[in-house]
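**Q**
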Amino acid sequence: MSAEIVFQRRENPEKLIENRVSVAGENAELSIYDTYFPARQVALSSSHVLHCCMITGRKIMHGATEGACEFHRGESFILAPDQPVYIDFPDARADAPTTCMTVEIRKSLVQQVCDRLNVDEPRDPALEHWQYAPRALHVSHGQETQGLLERLLRLFCDDHPDRDALIDLALNELVMRMLRTQSRKILIEENSHGGPARHGLDAALRWIRNNLAVPLDCEQLAREACMSRAHLYRQFKNELGCTPGEYQQRLRLESARERLRRQSASVTEICFDLGFKSLSHFTRCFKAYSGLPPSRYRAHYHGQNNDTPPTPESPTRPRADLPLARFKP
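Quick note on this note's numbering: the sequence shown kicks off at 190 and runs consecutively.
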């Protein structure tokens, strides 16, 4: 199906709630959903792994995660096979529809990628091998994943003779990113629970979490993990995609966000309680992570202004050349 046909079908919707235009590939199917009026509890599920990304507007997702969660542009929401989710569309309008793109990926392709990673990039023996965990995953994604999704949309609507091969290459990359993101999320979630450390990396993560305001001592951290400093850094990069210092910074900023939402402590108190050395440095780091300075983030959360903070690691403004917005040929 060409880009022109996709555009025409979207311009002449058959339904006003979750109007779907789909394009099939050999191992996946890409769909664009447009919703033109507010709606509640609209069901969605698939027999395959379903990777969803917002294009415009927002959704409120129920049933797949613990409690309802808002789904915005710059985020991925991934459903396991046969896992239902129920969606609210609070902001959809005829002149500003809520739009989402989904990619249904065959379970066999996901398993092929797991098998390849276990051969080419095996995990540390103390950790589980690469495998897909059939559970919902809601995460922010960066520019690289956003660009990959845009590339998939173009490829699905292309008539290139190598179309299917190029789609499979992009799907392999998307699945690899999904597996790495999921393994990191599971590792961090398990680390936040009580009980003894299960392996060296778990011990290091726990030490950072329990000593969040303390300046990071990499030698002490290596001793806690019972491994050399070099091996510890490799473990962090391989499993979490960051250094120990970057991981500590992320936890500090997440804690700051939570305190700004839940506590009445001043921004200055939160800054120094979390180990930042200066208020100006904390403000710069927080704005880069959350999209707004701390005081405006708190005001936004409590409904005192109309700022819309970008999600962590997501674009801070719409790109003028974004093909997902209306996808005109």
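Ideal Cβ placement from N, Cα and C applies to all residues, glycine included.
#1: Using beta-carbon positions only, say whether Q437 and L468 come within less than 8 Å of one another.
#2: Are three or more beta carbon pairs between the segment 304-314 and the segment 285-293 nearer than 8 Å?
#3: Can you grab the Cα-Cα spacing for the pair R441 / K374, in whole Å?
#4: How would you write the range of the beta strand (DSSP E) that A213 sits in, first residue to last?
#5: Ignore the nearest five residues each way along the sequence and tell me which others in R209's own chain have a CB closer than 7 Å to its CB.
#6: Of all the options Q197, Y275, C474, which has the alpha carbon lying nearest to the alpha carbon of S235?
#7: Between A269 and Y225, how many whole angstroms is the CB-CB distance? I'm expecting something under 8 Å.
#8: According to DSSP, is A285 helix, strand or coil?
#9: Any beta carbon of chain B sitting closer than 8 Å to that of Y422?
#10: Where does D271 sit, in a helix, a strand or coil, going by DSSP?
#11: Keeping to the same chain, check which residues put their C-beta closer than 8 Å to that of L449; ignore five residues upstream and five downstream.
#12: D351 to Q301, Cα distance in whole Å?
#13: Taking only the alpha-carbon atoms, compute the straight-line gap between L239 and I267 and give it to the nearest angstrom.
#14: For K248 and F260, I'd like the C-alpha separation in whole angstroms.
#15: Under the rule that 16 or more other beta-carbon atoms within 10 Å means buried, what is H330, buried or exposed?
#16: Within its chain, find whatever has a CB closer than 8 Å to the CB of N307; leave out the 5 residues flanking it on each side and keep chain order.
#17: Any chance the segment 329-344 sits against the segment 385-398, with 3 or more Cβ pairs inside 8 Å?
#18: Does K296 come out as helix, strand or coil in the three-state DSSP assignment?
**A** Checking against the coordinates, here is how it stands:
#1: In this structure, L468 does not lie closer than 8 Å to Q437 by Cβ.
#2: With a cut-off of 8 Å, the segment 285-293 and the segment 304-314 do not count as touching, because too few Cβ pairs lie within range.
#3: If I take the Cα positions, the gap works out to 17 Å.
#4: For A213, the enclosing beta strand (DSSP E) starts and ends at 208-213.
#5: The residues are S220, Y222.
#6: Per the C-alpha coordinates, the member of Q197, Y275, C474 positioned closest to S235 is Y275.
#7: Between Y225 and A269 the Cβ distance is about 29 Å, and since that is not below 8 Å, they are no contact.
#8: A285 carries a strand assignment under DSSP once its states are collapsed to helix, strand and coil.
#9: Protein chains in the displayed structure number just one, and chain B is not present.
#10: The DSSP-derived three-state label of D271 is coil.
#11: The residues are V456, I459, P483, Y486, R487, Y490.
#12: Looking at the two C-alpha atoms, the distance is approximately 21 Å.
#13: I267 has its alpha-carbon roughly 6 Å from the corresponding atom of L239.
#14: A straight-line Cα-Cα distance of about 5 Å links K248 and F260.
#15: Classification for H330: buried.
#16: Answer for N307: H318, W319, listed in chain order.
#17: Judged by Cβ distances under 8 Å, the segment 329-344 makes no contact with the segment 385-398, as fewer than three pairs qualify.
#18: Annotated three-state conformation of K296 is helix, per DSSP.
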